[in-house]
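Those protein sequence lines, which keep their order, are chains L, F and R.
Sequential numbering of the first sequence, starting at 1168, is according to this note's numbering.
Sequential numbering of the second sequence, starting at 3, is according to this note's numbering.
Sequential numbering of the third sequence, starting at 78, is according to this note's numbering.
Backbone N, C-alpha and C fix where the C-beta goes; we use that ideal spot for every residue, glycine too.
Quick caveat: nothing in here was measured; it's all calculated off a predicted structure.
Here is the structure we will look at, set down as structure tokens.
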Amino acid sequence: MKILVSFKSVPDPNEAILAGAAASAAKSVINPFDEIAIEEALQIRERGDAVEIVAVTIGAPAVEEQVRAALAMGVDRAIRIDDSRVLDPYAVARILRAVVEKEMPQVVIMGKQAVDDDSNQVGQMLAALLGWPQATFVSKVEFLDNKTRARCTRETDAGLEVVAIDLPAVITTDLRLNQPRYVSLPGLIKARRRPIETLTCNELRVDVRPLTTVLSIANPPKRAAGTRVDSVEELIAKLRQEAKVL
Amino acid sequence: MVETLVLIEHDRERVKRQSLHAITLARQLSGKYALLLLGQGLGEIAASLVSYGASVVLVADDPALAEPLADRYATVIAQAARKYDSKILLGTSSTFSKDILPRTAALLDIPMLTDVLAVEENDGSISYQRPVNAGSMLATVKLETDRCVLTARATAFDEPAVDAAACPIERFEFDAALLPNRMEFISREQRASDRPDLTEAAVVVCGGRPLRDKETFERLVGGLADALAGAVGATRAAVDSGMAPNDYQVGQTGKVIAPQLYIGIGISGAIQHLAGIKDSRVIVAINRDPDAPIFQVATYGLVGDLHQMVPQLITALSKGAESA
Amino acid sequence: MDFTWSDQQKELLDAVGRFASQQLNYNMIENDRDGVFNHDAWKKCGAFGIQGLLVPAEYGGLGMDPLTTVAALERLGYACKDNGLIFSINAHMWTAVTPLVYSGSEAQKKKYLPGLCDGTLIGGNAMSEPNSGSDAFSLSTTAVKKDSKYILNGSKIFITNGPVADVLVVFATVDKARGPNGISAFLVDKDSPGMDVARKLEKMGLRTSPMAEVFFENCEVPEENLLGKEGSGPSQFTWAMTWERGCILASAVGSMQRLLERCVRYAKERKQFGQPIAKFQLVASKIVDMKLRVESARHMLYHCAWLRGQGKSAYLEAAMTKLHISDCWIKCCEDAIQIHGGYGYMTEYELERELRDAIGSRLYSGTSEMQRNIIGSLLL
């Protein structure tokens, strides 16, 4: 089985902790949900259900650091689609469709959402464009029937749900699917010797333009500062008399 | 032609109240709107929707739609959107709509915006506001097309007022035999609860990892919720530790809530959790770390050991209830 | 003089920071209180590549240069709050791994280095004795050759990693009459007959780093475990010491940076008398001094490592580096507590532990007094 994992380079959500001694601009990392997707692909290969893992991302040359991180985790091949534009989920899905048609994987795995954009659309859109089944917000994956189907547990608002889908399919990962392995230094050094394939949209014969434009980004209104209370009694009194919620 | 189609969610017994909030957004946009319901045996549920000012309640009722399988649902919804020449397809953000609507958008070859908080019109040009980076920033976005799919964040729109006049209910016909057949529903957890729905409750009590284990979590967080007739939520860390099931998770990648009263117990206030509770009317935080970020957004902050404070709180509230 | 890091170095350092902050910081207060060694974290560090940073690749290491190595250890100290774990790793790297790399036979290197690099083996050394600390070469543990074995007799104290070590580099004399020239180094495997790792020693700080007394009573060590030649003990020790002095406090620079950032954040947020305490000169001044210490410590650290990488002697620089960084570290910890007021004294805030951890730095790898002697003797 060949697995295609799609990942996005995003600003590090844990930035405060990791600003190193030589701190400068915001660091980029592999989107945490996509890291879980890469880990899942690696675990699937480790238990013998897959033979090749290809990782793909779309971005400017600067994202090659994240591509190397994916190689350092253990994917077999890594592709960067060279495109520096800000792409909306539908544009991303259309580009990924071209990559899928070229690579012909049995499974596409990606994180359910990117933690910068929080759209949660790409996987589902890609599945529609390919006419493939989808399993979203997945917390467990098993392959059945000689790897022609996948049984997926999904995390939904009502609790856990289980579906079985025919392959080829698109799977999007939720938080509790696995704990990604960290990139080790030996892995990082070995990854430096592995090539990163670069492709342009032209070479993929795909021409998309984003249909969404961000006009502005602003801070949300700040909540007014509250007060400290010193005891349970004082809290209850304030909730009753001041806030009137009890 | 119906300009806007609103997808309504149900749990096979009744409408999910949260999903009605998209109607408020539909009313803000121009033109007629219809409500769309998919499933099986929807008679009563459809009847409960006739007084929301829609031009029609469309019902796609078929055994093939008994379970919300994304490939089937997206196909049917796309067909309805085409038949009614709808420009906008709306839903309220939920795992149901997030699973199905992006797929539908791609089938219709149109873009989608998730978690719309507000819509603004300036000189005939429409812009949408949505949260990014776990809600730490608000993006104002415009679309290059006039057709789109939107999910509205329920907490940003009021529940729609009921209209006096009743609208017709119409069966939406489609060929079930032509529906995709490569996804199969296997099972769903059934957990009965007397507590109100987390996204609908007026009072929510959330617990974090310091609650240590499932029993303590249920005793303290559950106990306090019950004393207040509220719902129970949890942080990602608490769910990861096995103290609470996934559907209790509140935050950037879980549920977004805005109750009248939110009480966070042993919750430090990571941005990802705050993203899910920021719009609560009153926020109470109980934490032993005076520097915990949650105190910066809390209306009332109580610094102390939750293992002592919460039992005291439960006792005081129960006494108050008895003497009231 | 190019003070910039290459992209590759930055990538490596970021990987260290991310690994450490995500994998190594848990149960800190409990482990410190109970003196628990985090063996899991040790193994993760080994798998990650820390213990083998300087070891040639053919023996399972990464063959990194000294400057990148100390920068990696600095980043480790920044992102990992477990000073005890890092101390154990350092003891292992400088007192066990380094002697093996420089003095070990091919067979000894192949036998021990791969495990010492990948986290499966823990190493340490046994030099200090109850009656010989600073005066290291006056040790009394004896090693008598008998048939194809050496028989060791004596007792060692302050053995870092003693309770958990798989192998110790033990210094003993084969002939007391020869003075220092009789001292030899031996690789002693744990559970060697006649070897008794006795009570775990309780310390003021670095409590997650296990330490013990070790007794040798007719302890049998195979002759192939002699490390280097007979009588080469002092030169091996001195060689390892110059590495140790220059590098063992690399992570302290990272810890200081972390404390500095914490104090800056706190000073800006904490309000008293209607304003952030950052506005009070007495608070600001402490933070300025912390910054000066971090920068000067860092530059000495890098310079010393750079000299090593150039193949130059760094005997003087190593002593100065160790002396200076230890003083800076302790002072930074004191200031951090003071800036946080009463909270700084509370265990929960994890600042008092930093000070307790830092105090040892004036004592191990040669006391500050010994460092001063060394520096003085080279200048005068």
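Close CB contacts of LEU1238 of chain L within its chain, under the 6 Å cut and outside five residues either way in sequence, are with ALA1245, ALA1358 and ARG1361 (chain order).
By the C-beta density criterion, MET170 of chain R is buried, having at least 16 other C-beta atoms within 10 angstroms. For SER88 of chain F, no alpha helix (DSSP H) encloses it, and the DSSP letter there is neither H nor E. In the structure shown, the three-state DSSP call for GLY1278 of chain L is strand. Its chain contains GLY308 as the residues whose beta carbon lies nearer than 8 Å to that of ARG255 of chain R, once the 5 sequence neighbours on both sides are disregarded; these appear in chain order. Just so you know, the alpha carbons of VAL291 of chain R and LEU278 of chain R end up roughly 11 Å apart. Comparing alpha carbon positions, the residue from R:LYS253, R:PHE235, R:VAL147 and R:LEU130 closest to LEU245 of chain R is R:PHE235.
By the Cβ rule, the region 390 to 403 of chain R counts as touching the region 446 to 456 of chain R, because three or more pairs are nearer than 8 Å. From the listed residues F:SER129, F:GLY137 and F:LEU67, the smallest Cα separation to LEU145 of chain F is found for F:SER129. Taking the beta carbon of PHE96 of chain R as reference, the chain L residues within 7 Å of it are TYR1349, listed in sequence order.
Taking each of F:LEU152, F:LYS34, F:ILE10 and F:GLY33 in turn and checking the Cα distance to PRO113 of chain F, the smallest one comes out for F:LEU152. Around the beta carbon of TYR1349 of chain L, a 10 Å sphere encloses 16 or more other beta carbons of the protein chains shown; the residue is thus reported as buried. Note on the region 246 to 271 of chain F: whole beta strand (DSSP E) runs with a minimum of 3 residues are 263 to 267, in chain order. The region 92 to 129 of chain F is shown to contain whole beta strand (DSSP E) runs of 3 or more residues at 114 to 118 and 120 to 124, in chain order. According to DSSP, PHE214 of chain R shares a beta bridge with no other residue. Look at the region 295 to 320 of chain F: the residues with a C-beta under 8 Å from a C-beta of chain L are PHE297, GLN298, VAL299, ALA300, THR301, TYR302, GLY303, LEU304, VAL305, MET311, GLN314, LEU315, ALA318 and LEU319. Within chain F, the residues whose beta carbon sits less than 7 Å from that of GLU1322 of chain L are ASN248, listed in sequence order. Between the C-alpha atoms of LYS121 of chain R and GLN99 of chain R there is a straight-line separation of about 11 Å. Residue-level contact by beta carbon holds for PRO1353 of chain L and chain R, with a gap shorter than 7 Å.
The criterion of a C-beta distance shorter than 7 Å is satisfied by VAL234 of chain F and VAL223 of chain F. For LEU428 of chain R, the closest Cβ of chain L is not nearer than 7 Å. The residues THR1320, GLU1322, ASP1341, ARG1343 and LEU1344, in chain order, have a CB closer than 6 Å to that of SER1306 of chain L in the same chain once the five nearest residues on each side in sequence are set aside.
Assignment of alpha helix (DSSP H) within the region 95 to 153 of chain R, counting only whole runs of 4 or more residues, yields 105 to 111 and 116 to 125 in chain order. At a Cβ-Cβ threshold of 7 Å, ILE1170 of chain L and VAL1274 of chain L count as neighbours.
Within the region 1283 to 1330 of chain L, the runs of beta strand (DSSP E) that reach at least 3 residues and sit entirely inside it are, in chain order, 1301 to 1311 and 1316 to 1323. Taking a beta-carbon distance threshold of 7 Å, LEU40 of chain F does not count as an interface residue toward chain L. If you ignore the 5 residues before and after ASP1283 of chain L, its C-beta comes within less than 7 Å of the C-beta of VAL1177 and PRO1178, all in its own chain and listed in chain order. Ranking F:ASP281, F:ILE269 and F:LYS100 by CA distance to the CA of LEU263 of chain F puts F:ASP281 first. Ranked by Cα distance from LEU67 of chain F, the options F:ILE279, F:MET185 and F:LEU31 are led by F:MET185. A Cβ-Cβ separation of about 5 Å places VAL1412 of chain L in contact with LEU1406 of chain L under the 8 Å criterion. Between the beta-carbon of PRO162 of chain F and that of TYR302 of chain F there is about 32 Å, and that puts the pair past the 8 Å contact cut.
Distance from the CA atom of GLY1290 of chain L to the CA atom of TYR1257 of chain L, rounded to whole angstroms, is 10 Å.
Counting only unbroken stretches of 3 or more residues, the beta strand (DSSP E) elements lying wholly within the region 1183 to 1263 of chain L are 1195 to 1197, 1219 to 1226 and 1244 to 1249, in sequence order. Against ALA1208 of chain L, chain F offers no close residue; the least beta-carbon distance is about 20 Å (beta-carbon pairs closer than 9 Å). Put simply, of F:ARG197, F:ALA229, F:SER243 and F:LEU230 the residue whose alpha carbon is nearest the alpha carbon of GLU217 of chain F is F:SER243. Across the structure, PRO311 of chain R and LYS226 of chain R are spaced so that their CA atoms are roughly 21 Å apart.
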